[in-house]
Structure formats: C-alpha cells, structure tokens
Amino acid sequence: MVSLVIGIAGASGSGKSTVAEWIEDELLREWKDWETKVLHQDSYYSEHGEELLNWESPAIIDNDRLIVDIKSWREQASDRKRILFVEGFLVCGVPDLLAQCDFCFFLKVNKSTCRERRFQRDEWIRKHPTYFQTVWSSYIKYNKNYPLNICENGEETPPSKYYSHTSPPLCVIDATRSLKQVQ
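First residue of the sequence shown: 1, per full-length UniProt numbering; consecutive thereafter.
What follows is the structure in structure tokens.
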C-alpha cells in the first residue's frame with residue numbers, strides 16, 4: 001500500500017500545525033479509507049531543553065528520535081493507504097529529517113506576520129518581546145542552507161511556487177494570509 005511522508009515547514013506562526021490538521025481533516029472527509037497521522041517537531045524537545053536558552057535551536061529538538069519514529073511508521077504493515085505529516089520549524093533545516101520526506105510544503109511568511117501571530121498566541125513572548133528577535137534570527141539561520149535559499153532574508157514573501165527538481169519535491173506557499181482568508 002501507499003505510505004507517504006509529507007513535511008510541512010516554516011517559521012513559528014506560519015500555520016504549519018493548522019495546515020497539517022486541516023489537510024488531515026479534509027483527507028479523512030474525502031478519502032475515508034486513508035489513514036493519517038501528524039507528528040509535531042515541537043513534541044520532540046530534548047530532555048535537556050530546560051538548560052538551553054534558545055528554544056529555537058536545532059539542539060533543542062531530538063531529531064534522531066523523530067527520524068526513528070518516522071522510519072518505524074513507514075515499516076508498520078497496513079492494508080490502508082497512509083499519509084504521515086511531519087510539521088516543524090526545522091523540517092527543511094535538518095537534512096537527515098528532510099530526507100525522510102516524500103514531499104515538503106514550506107509555508108513562507110514575512111517577519112511582521114510571524115511576529116503578529118506569535119504575539120497573538122503566546123503569552124510568554126508578549127511578556128518577553130525581545131525574544132522574538134531570537135525566534136526570527138533562528139528561523140533565518142537554521143533554514144538558510146536549504147538548497148533554494150527560501151529564507152534568504154525572510155522579509156519578502158515570494159509567490160507560491162513548486163520545485164520538482166529538489167529532493168524531496170517542494171512547494172513554497174505564501175502563508176501570510178490565514179487559512180480562513182484562503183478558503
């Protein structure tokens with residue numbers, strides 16, 4: 001049977017979790033015989049995370065454990081078609097993790113949209129507004145080595161574009177509008 005791993009990457013507040021859950025709901029509504037699951041990179045914080053000052057660093061995520069879980073999911077026998085969504089701010093920034101994906105969406109937002117969304121949902125960052133610069137700087141720093149330089153400066157949001165020559169194939173999506181605005 002078909003088993004696909006779809007990566008969903010982007011900055012904090014770009015809509016990764018929202019998009020993953022929306023696609024999962026839509027697939028289950030239309031294709032009831034499919035099995036879907038979402039893995040959130042945020043669920044893989046390292047045991048030593050409390051000791052680190054930068055929660056936006058690759059060192060905070062136990063990507064090795066996430067990769068083991070993806071491989072384990074692929075190896076599970078199933079008589080149903082399956083899709084695993086892996087969403088996180090470093091899906092494109094960790095080559096070994098990206099290599100596990102069959103396809104990847106990159107949700108691109110500009111700095112002001114990212115900041116606005118992060119402040120709306122996160123009380124801690126509203127109390128520590130200077131930390132947002134760490135969030136944004138880390139997003140640029142840890143995703144800049146992706147082959148297409150989709151995070152060159154992060155200020156401009158390019159039009160949506162599909163890149164079939166990358167590995168895995170990638171679709172960059174302008175995520176400055178909310179899902180409600182797009183529907």
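No residue lacks a Cβ here, since even glycine has one placed at the ideal position from N, Cα and C.
DSSP three-state assignment for residue i, whether helix, strand or coil
i           : result
residue 191 : The requested residue 191 does not occur in the structure, where the chain is confined to residues 1 to 183.
Trp-31      : coil
Leu-97      : helix
Phe-106     : strand
Cys-171     : strand
Ser-3       : strand
Ala-11      : coil
Thr-176     : coil
Thr-36      : strand
Thr-18      : helix
CB of residue i within 8 Å of CB of residue j, strictly
i       : j       : result
Ile-60  : Tyr-45  : yes
Val-2   : Arg-82  : yes
Thr-18  : Leu-28  : no
Pro-102 : Val-5   : It is Asp, not Pro, that sits at residue 102 in the sequence shown. Yes, Cβ-Cβ distance for Asp-102 and Val-5 is below 8 Å.
Val-91  : Ala-175 : no
Ser-137 : Ser-57  : no
Asp-25  : Arg-80  : no
Spatial neighbours of residue i in its chain, beta-carbon cut-off 8 Å, leaving aside the 5 residues before and after
i       : result
Ile-67  : Asp-96, Leu-97, Gln-100
Glu-87  : Gly-7, Ile-8, Ala-9, Lys-16, Ser-17, Val-19, Ala-20, Val-38, Leu-39, His-40, Gln-41
Glu-155 : Reliability fails at Glu-155, whose pLDDT of 49 lies under 50, so the model's placement of it is uncertain and the value that follows must be treated cautiously. Same-chain partners within the cutoff: Asn-110, Lys-111.
Own chain partners of residue i with C-beta closer than 7 Å, once the 5 adjacent residues on each side are dropped
i       : result
Phe-132 : Arg-115, Arg-118, Ile-125
Arg-65  : Tyr-44
Ser-78  : Met-1, Glu-35
Same chain only: Cβ atoms within 6 Å of residue i, ignoring 5 sequence neighbours per side
i      : result
Asn-63 : Val-94, Leu-97
Arg-74 : Ser-3
Problem - Runs of alpha helix (DSSP H) lying entirely within the region 63 to 87, each at least 4 residues, in chain order - result: 63 to 75
Handout entry: Touch test, the region 113 to 132 against the region 1 to 16, Cβ-Cβ under 8 Å, three pairs minimum
Key = yes
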